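Its first residue numbered 62, the sequence shown is counted upward by one per residue in our numbering.
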Amino acid sequence: SGFLVPIITVAMKREADLPNIPSLFELTKNQADRDIATFMSSYAVMGRSFTFPPGVPKDRVKALRVAFDKMVKDPALLADAKKRNVPVSPETGKVLDASVAKAMKIDAKLVKRTRKAIFGK
62 SGFLVPIITV AMKREADLPN IPSLFELTKN QADRDIATFM SSYAVMGRSF TFPPGVPKDR
122 VKALRVAFDK MVKDPALLAD AKKRNVPVSP ETGKVLDASV AKAMKIDAKL VKRTRKAIFG
182 K
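Have a look at this one:
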């Protein structure tokens, strides 16, 4: 309707439903800015993910991941999501693990620059 006109997405790549809107990562010009964009975009990969506390047995995590992967491919779930106009674009647990691990390794100086970029302080 034009009520809302996005100018950028905080993501590593363009969103499928917003193909003409650049991602934050695309607009970076140097490695430090790419690092900040990567950090700021890390939450986008996680979306509405399911998480577990530390110490959950690996076999249980694997079973839950297999079940989740089957669920998001289920024709009934996809049909219902389409009917409700709800996008379904899940990531695997492996991708989420890698994203979290990368975000957690951020340098303290980069966190400070990110805060300044967001809050101006």
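The beta carbon of each residue, even a glycine, is placed where N, CA and C say it ideally should be. Since this is a predicted model, take the numbers as computed values, not measurements.
Annotation: the continuous alpha helix (DSSP H) that includes Gly154 extends over 154-165.
Counting only residues of its own chain and dropping the five nearest sequence neighbours on each side, Thr175 has a CB closer than 7 angstroms to the CB of Ile97, Phe100, Met101. Within its own chain, the residues whose Cβ lies closer than 7 angstroms to the Cβ of Pro148, once the five positions on either side in sequence are excluded, are Asp78, listed in chain order. Under a 10 Å Cβ-count criterion, Leu85 is classified as buried, with 16 or more other Cβ atoms of the shown protein chains found around its own Cβ.
The closest CA to that of Thr70, considering only Ser62, Thr89, Lys119, is found on Thr89. In the DSSP assignment, Thr70 forms a beta bridge with Ser84.
Just so you know, the alpha carbons of Ala164 and Asp94 end up roughly 14 angstroms apart.
When secondary structure is reduced to three states using DSSP, Ala137 falls in the helix class.
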